[in-house]
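Sequence order for the protein chains is A, B, C and D. The first sequence runs contiguously to residue 487 in my numbering. The second sequence runs contiguously to residue 487 in my numbering. The third sequence runs contiguously to residue 487 in my numbering. The fourth sequence runs contiguously to residue 487 in my numbering.
4 protein chains.
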Amino acid sequence: MALKTAEQYKDSLRKMNPTTYILGEKVTNVTDHPLIKPQVETVAQTYSLAHEPETMELLVARSRLTDGEINRFTQLFESIEDLRAKVKMIRLCAQRTGTCFMRCTGLDAMNAIAAVTYEIDEKYSTNYYERALEYIKYVQENDLAVYSGNSDVKGDRSLRPSEQPDPDMYLHIVDETKDGIIVRGAKAHQSGSLCAHEVLVLPDREMRESDKEYAVCFALPNDTKGIFNIYTRGPLEDRLLEGIDLGNIRFGKSCPLVIYDNVFVPWDRVFMCGEYEFAGPLLRIFAANHRHSHGGCKSGVGDVIIGAAATIAEYNGIPNASHIRSKITDMIKMSETMYGCCLAASMEAGRTSSGVYFVDPVLANTSKLYESVNLPEMVRLLIDIAGGLVATMPSEKDINSPEIGHFIKKYLKGVADVSTEDRMRMFRLIETLAFQSRDVASYIMGGGSPEAHKITLFRETDLEAKKKLAKRLAGIKE
Amino acid sequence: MALKTAEQYKDSLRKMNPTTYILGEKVTNVTDHPLIKPQVETVAQTYSLAHEPETMELLVARSRLTDGEINRFTQLFESIEDLRAKVKMIRLCAQRTGTCFMRCTGLDAMNAIAAVTYEIDEKYSTNYYERALEYIKYVQENDLAVYSGNSDVKGDRSLRPSEQPDPDMYLHIVDETKDGIIVRGAKAHQSGSLCAHEVLVLPDREMRESDKEYAVCFALPNDTKGIFNIYTRGPLEDRLLEGIDLGNIRFGKSCPLVIYDNVFVPWDRVFMCGEYEFAGPLLRIFAANHRHSHGGCKSGVGDVIIGAAATIAEYNGIPNASHIRSKITDMIKMSETMYGCCLAASMEAGRTSSGVYFVDPVLANTSKLYESVNLPEMVRLLIDIAGGLVATMPSEKDINSPEIGHFIKKYLKGVADVSTEDRMRMFRLIETLAFQSRDVASYIMGGGSPEAHKITLFRETDLEAKKKLAKRLAGIKE
Amino acid sequence: MALKTAEQYKDSLRKMNPTTYILGEKVTNVTDHPLIKPQVETVAQTYSLAHEPETMELLVARSRLTDGEINRFTQLFESIEDLRAKVKMIRLCAQRTGTCFMRCTGLDAMNAIAAVTYEIDEKYSTNYYERALEYIKYVQENDLAVYSGNSDVKGDRSLRPSEQPDPDMYLHIVDETKDGIIVRGAKAHQSGSLCAHEVLVLPDREMRESDKEYAVCFALPNDTKGIFNIYTRGPLEDRLLEGIDLGNIRFGKSCPLVIYDNVFVPWDRVFMCGEYEFAGPLLRIFAANHRHSHGGCKSGVGDVIIGAAATIAEYNGIPNASHIRSKITDMIKMSETMYGCCLAASMEAGRTSSGVYFVDPVLANTSKLYESVNLPEMVRLLIDIAGGLVATMPSEKDINSPEIGHFIKKYLKGVADVSTEDRMRMFRLIETLAFQSRDVASYIMGGGSPEAHKITLFRETDLEAKKKLAKRLAGIKE
Amino acid sequence: MALKTAEQYKDSLRKMNPTTYILGEKVTNVTDHPLIKPQVETVAQTYSLAHEPETMELLVARSRLTDGEINRFTQLFESIEDLRAKVKMIRLCAQRTGTCFMRCTGLDAMNAIAAVTYEIDEKYSTNYYERALEYIKYVQENDLAVYSGNSDVKGDRSLRPSEQPDPDMYLHIVDETKDGIIVRGAKAHQSGSLCAHEVLVLPDREMRESDKEYAVCFALPNDTKGIFNIYTRGPLEDRLLEGIDLGNIRFGKSCPLVIYDNVFVPWDRVFMCGEYEFAGPLLRIFAANHRHSHGGCKSGVGDVIIGAAATIAEYNGIPNASHIRSKITDMIKMSETMYGCCLAASMEAGRTSSGVYFVDPVLANTSKLYESVNLPEMVRLLIDIAGGLVATMPSEKDINSPEIGHFIKKYLKGVADVSTEDRMRMFRLIETLAFQSRDVASYIMGGGSPEAHKITLFRETDLEAKKKLAKRLAGIKE
């Protein structure tokens, strides 16, 4: 059972039926809803690739918890090699799906709680670490898709959690019983919430004593009572099930708003409960882990973007124009830079006291900062290479029209040996790569804002040591 | 009659009913079709602003042809001051609509034909110039919306028009009679074709003798027999008539594919017919004129982008964060750079032998090249400032739902004194600014590709003079 | 006398003999000192170009003060056309010298005091404006070179003038008598102090009441008692009078430190004396004027950089490589952008109440901000195009050596028809363009720091108006 | 003897006395010449750090050839760990010297010949590999400083070696005897030629059959008859032995022109002799190795640049200004990106058939491409943060002058607790970092031109695989 197939994954998901609203309507069979199906297909790739001969090596790992084979998306990082394999696995999944496969936030969060619960226990003699390992083992054994619940809605961003006029703008503990805790709040941008079995909720920032009730971490099945998934609306959504116009014909992503309306969490799923001084460390480890994932993911998406650019240049008849080659080379540089920094973040990883490995945060944040500027730049170059048809393409209905289909076939043809339909397909894929807001916004804002990455980079750097270097060379004595 | 009102414009448009297909269906009342209405509203602004007291000074000009007041969108440029006023008028229209108002291509094309027909006549003793002035006078007197038909579909881009396997990949003359000519071909990215009375068709590149039949320029009413408008599909189109989710609630743009299926053009509307050596000059003047328009337009769109960024920062509670101010200042710089270069291109304009003024092509192309990199960068900064909700916002149907509307209102609230609805509206406007492909692709590719601008810039620059400067300073004698 | 020749300028300078120290030694004949001579030659160009037939139109203006012809470097701006001509004159001078000609700070400062003294008089019924005009008339009649004394040494930059431990870190009034005032302080980066007849001292920042004694503006002959010019040391200074190795064989620049050691200023040369609320406006006008000068200057330097790049590519044998052409085109874009924004700042200039015209500060600051990033980028591209020999060229002594000269001549030859000496000259010019710190630092920091330009840009922009535009489009009612 | 001390290194160098010309004069005691001494000190660091307790771990390696400890600058890479240690060692050396330590080209070249001679032998049954190992063993045992001779002077760059009018523009074999070969030519930019014991000469490009005589690789002692070192002149050279004004008070670099005037090479030092098809592979491996070195080096130089920026901001009084912190963070990002990509290039290294490890060329070239744009950008930010005094600082002679020294001390003081002398020192270090042409040109052009890196990146990338990814997602069947 440790390695589900794609079908087993989908079946298990169908059984859950979390409370879900899409465009104002309550939906019952979420898994097969036309707006959700492409996302489920995307996550399903993380299952099916674990069974394909040429990719299973990257997708399958061993667990010391279960002492058996597991999907690497559920693994605790126990070596530099694990972290390196993670980057490569994620790049592979992105190459195969061209979008977000929504299973790495859970992976990154599980590793973060393993590292930090150990430290909390050391200080407070709590037993969070044991609970966390127990939970992770459960996830591994059942090969569950977990997503992490991070981004609180935040209200007025100039105010701390406890200062907000409405105390629910950050998720918090509203009550505590002998069986567990009751929480309330909302999490935004919840990529994967409708394709996952479980959510693992983390605090979204460092906390002070006054924010104590907000320092909470826990896991729940996604169909727990009181959890509401509200679908969020992006561009391109009128395309579903429409063939060519889909662009990326099988895969997609969504990022619901998830409401926690007085939700009960049993104690064995609570991994932090008021230990506010650990909220910051937990977030920092999760964030660095996740920026590390981004670099793998976006170099894979980058491969697709580069491939689309090279293909459309060929379809347009100018694959060898010097400016096209120059731009494609720039794109390769951008893609490989993210990959390189994340591999290096693996190489320079350290071992936490729990035994879990933690990537070099400077290199992981460097990769993400680079992504936030350079993936949008890759998209710009992609549009530049493709040309205006990326925005001005008739629909599949037009090319299939008995009245005007012949016009489309004739006039939108590029080079002789490529059909107009295939050229349209490629333009539609490019449109999706460039204008699917969930992906593009994630390039810029995913894993935290660029400003957050900059602050982390500044904090994690030993500036005094560098000042010493300069002073020594200048002959300044201290 | 010389200055139509917005209503008169719309009424006149309704009477035309050009042959139009939208998503595979033939449409009869185009002007009021839900996908077309916002565009008609946008063009209508160019009419209504000519009647508003505070804006009429920019929108109304005098004509030496009619000896009366005309809409500046139909004017021949007769001074530096005219070109300066054009930039300011266009910036104003963009500030008011936040998108393309689709009437400047016609303006730029009319000025180009006035300049070049004069030169053709000088060489060949033809009477194109007289025809052109007659046509422009007709446009001015009836205050018509004209769009220019430029971008041929091009087929295999490595081949010249006459080398294409299918001779129709560039529009060309297929027959000539005593009454006129018959043309065939297709034009892509035809911004404004469904909101205009007239089309003014230009060749899309320089031509050689072998391409003679492709060197053709003419004007036609948009409902001429044989002209087919085929709507092209972009993102965000399922939003129409849906309130908040619209983003830009009134205005929009589209860029149909237009087919010329053996269309007859009477001689008095033909302005070039085989004089291939003038195709290049005509295109170059049109292109420089249009890049000049772009700078005015995009500095106006830039104002909207900056305004949206500043507003959402305020709604999020952090208008004074130093990184936000720094980014907004960078955006101001970018917007003003385009405006500055286009004002300067006006200031340095020259007079052609026809009397029509022609902007400095180096400065106009510089502005467009800058736009192609920096408007996408402004969009990136806008998303960065706004945050992830630009991609993960529930719909208007959700906030109006009796079951979950209260969740949306509560949890998507930002600062205390702004309603959640208004915050949603601003996020939706930002979504449109960032992900409406027709606009974004136009920032990058509009008015020709960046590579085309670079080639123009290189050609128009006197490199030998600059080499002399360097040699003189280095003491090198020639 | 109103238009001095270059020789008359140099003779008049020789008579002044300001107190000067160079590398620790007191120098008597400053004008002919080998380290100063190239700078005097540079300023002399502003005189000689006023007599050359093809350039005199730009260099010669009319004055309403003298009612005669004057050098445009002494003119009060009385129209948009004056400001346009200023930009063009400055570009010309930079094209001819390839460096800073050190006479525009005085021009910019004279125009600033004309504008602001008028306003001070209006408020306080002082007679500064009359004094200022009298002074400017004297400068015009005698065609004097004036430089402006702006940059105070500033000490601890986190402290205001009156908060500094040493009160002299900003120049200030230390005494006042019936005949005039006594000032003390020091000004850094005083470009042109050793080639000018006069200094016009301005405050370096806005001032508050507590900084009253620092709000002072005055003019003095450069050889006034108590003024010390201390030469500052840059790279490449061992090259003087050494032929090829000079790079720019005739022209140069320097930026002394100037000390005001209890210097007496007679009342008729005092233009502000404690009216602290006008220090900010005076600085702002001067700064915008000077950033406007920068755009003209640096587009001229840009022409030299582009010319050097194109020449060396030719000498190396690869003028037509596609990447070389692409880079040169990028450089053209950068150069023209600065020029364009400054022409536009002229076009959008306003008339102050004194009648002096004042450039659009947004466009002028935009140009300078662009320069601070893009001139260094042009330098980078220049080095990239030239290749490593820009840093690894043997000396003129080597090529002239009887023992090894033949090796140099043989092995450093590029294309067949260019002598090795000429190739060396061009590499040396490029070295100077890239590594003469006074110029390069001025690209980045001249006319104030980039941060200062950003603050100005933010302040001068009406952000509220832009927010209104966005809200209107989004349908938000206020 | 395997680990020389710095003194032993210098003594051994003094004994060599290679033929050297400096500014036209023949020089006898090269090692102690004031212009050479700082460079010798720099290379000496690579010896002394091997003896310092805290750094020896990085500097000392084991050799399978000598079966003992060697300096890592002479090591054959036999594992990923070796390549990782190399990057770290190089970063350390750059942190300590702030410039180029001129010993990595030899290291990179020795590894390249080990890999490629093995392949030549396989094809031709030659014994180059054995010779190469013998030579490397000799270098290891004697802890020699080797530099690589790569960059031919190239003449007309549009012509291949055999097409040049002068056949000597690329170094080539002019004769062959039973004892060895005679070579002629010249190599430019020979960093370290005056601080090294040995030169290892490589071809500078791929070769065709017609270029056969140019396909030559060999090693020689630097004082071999017929080798002429000609010092090349850079900026800042009048500073030597002048205290504060030196900037980097101990260390420096130079890049002579080296002439091979009919030089004899014995057979046992010849590693390629006409096997033209291996010239390309040899260069490619060397180049990738050296770009890998660059990333380590420039991240170390980056640390010094960042340290200097942070120190001067403190000395100026504004270490905590938000724009300063933002810029320093950007600099950290840039520095770490190069480091990250080179660590990753280590991690992804492959084993050549000789057993020597070869870094991932895509990642190594990515780092170098990034450097060529971003180190100049770091320099720009450094100047921006430091302010204009970087270019306008009086000399040490001025501050020591009895007449004006007190002015300098008083007026160039920054914050209260830092002496003016120390502030001057830091500004002088910054001047050196920004304007020492040999270093800055190397950021841009070192290890080949950016265009060369782009071509490599394009060639080494499997674009077809990426096109397949895009087609699969778009639903295009092949």
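All residues carry an ideal CB built from backbone N, CA and C; glycine is no exception. Predicted, not measured: the structure shown is a model, and the values here were computed from it.
For the 8 angstroms CB-CB criterion, residue 298/D and residue 267/D do not form a contact. Neighbours of residue 264/C in chain D, taken as residues whose beta carbon is under 9 angstroms from its own, are 397, 400 and 401 in chain order. For residue 159/A, the CB contacts under 6 angstroms within the same chain, skipping 5 residues up- and downstream, are 211 and 213 in chain order.
Within the DSSP bridge table, the entry for residue 279/B names 227/B as partners. DSSP places residue 181/A inside the beta strand (DSSP E), whose first and last residues are 181–185. Between the segment 375–391 of chain B and the segment 129–144 of chain B there are fewer than three C-beta pairs closer than 8 angstroms, too few to call the two in contact. Measuring C-alpha to C-alpha distances from residue 284/C to each of 335/C, 135/C, 341/C and 314/C identifies 135/C as the nearest. For residue 190/A, the secondary structure class from DSSP, reduced to helix, strand or coil, is strand.
Under the Cβ criterion of 8 angstroms, residue 104/A is counted among the residues facing chain D. Excluding residues up to 5 positions away in sequence, 210, 274, 278, 279 and 280 lie with their Cβ nearer than 7 angstroms to the Cβ of residue 227/B in the same chain. With respect to chain D, the C-beta atom of residue 236/C has no partner C-beta closer than 8 angstroms. For the pair residue 53/B and residue 25/B, the Cα-to-Cα distance works out to about 16 angstroms. Across the structure, residue 34/D and residue 203/D are spaced so that their CA atoms are roughly 15 angstroms apart.
Nearest C-alpha to residue 13/B among 46/B, 311/B and 82/B: 82/B.
Look at residue 266/A here: in three-state DSSP terms it is strand. Counting only residues of its own chain and dropping the five nearest sequence neighbours on each side, residue 355/D has a CB closer than 7 angstroms to the CB of 89, 92, 93, 96 and 368. In the structure shown, residue 30/A adopts extended strand secondary structure according to DSSP, grouped into three states. Apart from sequence neighbours up to five positions away, no residue of its chain approaches residue 76/A with a beta-carbon distance below 6 angstroms. At least one CB atom of chain C sits nearer than 8 angstroms to the CB of residue 335/A. By the neighbour-count criterion, in which a residue is buried when 16 or more other Cβ atoms sit within 10 angstroms of its Cβ, residue 474/C is exposed. For residue 207/B, the enclosing beta strand (DSSP E) starts and ends at 207–210.
Excluding its 5 nearest sequence neighbours in each direction, residue 248/C has C-beta neighbours in its own chain below 8 angstroms: 254, 255 and 256, listed in chain order. Along the segment 317–351 of chain B, going in chain order, the ones with a CB nearer than 8 angstroms to a CB of chain D are 331, 332 and 335. Neighbourhood of residue 476/B in chain C, by CB distance below 7 angstroms: 316, 319 and 320, in chain order. Taking a Cβ-Cβ cut-off of 7 angstroms, residue 453/A has no neighbours in chain D, whose nearest Cβ is about 16 angstroms from it. Taking C-beta atoms under 8 angstroms as the contact rule, residue 437/D and residue 402/D qualify, at a distance of about 7 angstroms. Scanning its chain for C-beta atoms nearer than 8 angstroms, with the 5 sequence neighbours on each side dropped, one finds around residue 23/D the residues 38, 40 and 41, in chain order.
Under the three-state reduction of DSSP, residue 41/A is assigned to coil, being neither helix nor strand. Under the Cβ distance rule, residue 461/A does not count among the residues neighbouring chain B, no pair being separated by less than 8 angstroms.
At a cut-off of 8 angstroms between beta-carbon atoms, residue 37/A makes no contact with chain D.
Contacts with chain C at 8 angstroms (Cβ-Cβ) include residue 164/D.
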